[in-house]
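Notes to accompany the following structure.
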Amino acid sequence: MTKRLSFSNQKGGVGKTTIAINVAGALNARGRDVLFVDLDPQGNATEGLGFREAYDEAPPSLFDVLTDPEQRESFPDLIREHAEMDVVPSNIDMTAAEPELTLSRRGGEQLALALETVEADYDYVLVDCPPHLGYLTDNGLHATQNLLIPALAESTSKRALELLFDHVEALELDYDITIEERGVVANRVETTNEGTAMLEWFDEAFPDIPVWEVRKRVALQRAFSAGVSLFEYDADVDMTETFLDVAADLDAQFGFEEPAAATPEAGR
Ligand SMILES: Nc1ncnc2c1ncn2[C@@H]1O[C@H](COP(=O)(O)OP(=O)(O)O)[C@@H](O)[C@H]1O
Ligand SMILES: [Mg+2]
Numbered sequence: 001m002t003k004r005l006s007f008s009n010q011k012g013g014v015g016k017t018t019i020a021i022n023v024a025g026a027l028n029a030r031g032r033d034v035l036f037v038d039l040d041p042q043g044n045a046t047e048g049l050g051f052r053e054a055y056d057e058a059p060p061s062l063f064d065v066l067t068d069p070e071q072r073e074s075f076p077d078l079i080r081e082h083a084e085m086d087v088v089p090s091n092i093d094m095t096a097a098e099p100e101l102t103l104s105r106r107g108g109e110q111l112a113l114a115l116e117t118v119e120a121d122y123d124y125v126l127v128d129c130p131p132h133l134g135y136l137t138d139n140g141l142h143a144t145q146n147l148l149i150p151a152l153a154e155s156t157s158k159r160a161l162e163l164l165f166d167h168v169e170a171l172e173l174d175y176d177i178t179i180e181e182r183g184v185v186a187n188r189v190e191t192t193n194e195g196t197a198m199l200e201w202f203d204e205a206f207p208d209i210p211v212w213e214v215r216k217r218v219a220l221q222r223a224f225s226a227g228v229s230l231f232e233y234d235a236d237v238d239m240t241e242t243f244l245d246v247a248a249d250l251d252a253q254f255g256f257e258e259p260a261a262a263t264p265e266a267g268r
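Okay, structure coming up:
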């Protein structure tokens, strides 16, 4: 059974894309097959995984698949191969997706319908959501029904998370579904007073789900520029341990068995 997970927080620049790419890299290092979907019209993940040319490509793109039921079957054709995962790239046309989805029937359900057309059996589908609570994010949350929340270890995150949870609750009612929070990644953690206080706040605010800490590391930016996760770029960077912890915890939460050897070489 393929497990699906969205990386969402309507605040921009908190690390959704960075965390999603590196969790994908860590899952791959544990031997999991990952399909990564870039739902953000800005296409940061698409670029960060080396598919810049796909972002500018002529239709059909993810936009057409999400907004035109007759194009839904072309979803599998969008899949690109990356060293660590398969990728459905975003596209410049995705900037027009919000208004289109607002007008269409079942506007929040299109990604779920598209994913039904994928025959390859992935262990995980990871969805990198855009930085706003609109129809695209709804598509991600509805299709995955599992949420991992990257958030900065800053006090502004409190309000952002309140809004996110209000939105998740509203979606659960709208669609009669349950969206499980699988964890929080406190990102760009620094050992300042605010950083330390926020980590305490995260732990208190989320007693029932794991809270991981990702520190500020230039290697994360360098890996992004190189089009790969830390695991392909430089598996010796200390943060790889954290991403492996996240991957191991997700595997446990989703009922996957422990791999024989969890080394970066264990991927495909
Ligand atoms: N832990 C980190 N250490 C250093 N730079 C980071 C870290 N996390 C994110 N960044 C950088 O911050 C910027 C925003 O991150 P990004 O993942 O694109 O956020 P989002 O997807 O939430 O908009 C990017 O330039 C990224 O390289
Ligand atoms: Mg992003």
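Position one of the sequence shown corresponds to residue 1 (full-length UniProt numbering), numbered consecutively onward.
Beta carbons: idealized from backbone N, C-alpha and C, even for Gly.
- prompt: Quick one: complete alpha helix (DSSP H) runs, 4+ long, within the segment 52-112?
  reply: 52-55, 62-67, 97-103
message: Quick check on DSSP: helix, strand or coil for K11?
response: coil
field: Reduced DSSP category for F256 - H, G, I as helix; E, B as strand; rest coil
entry: coil
message: If you measure between the beta carbons of L49 and P89, is that distance less than 9 Å?
response: yes
query: Which value, in whole angstroms, describes the spacing of the CA atoms of R72 and L111?
result: 9 Å
query: Helix, strand or coil for K16 per DSSP?
result: helix
query: DSSP puts I149 in a beta bridge; with which residues?
result: V184
query: Which class does S229 belong to by DSSP, given the choice of helix, strand or coil?
result: coil
field: Residue environment, R268, which counts as buried when at least 16 other CB atoms sit within 10 Å
entry: Its pLDDT being 46, under 50, R268 is placed unreliably by the model, and nothing is read from it.
- prompt: Less than 8 Å between the CB of D128 and some heavy atom of ligand 2, yes or no?
  reply: yes
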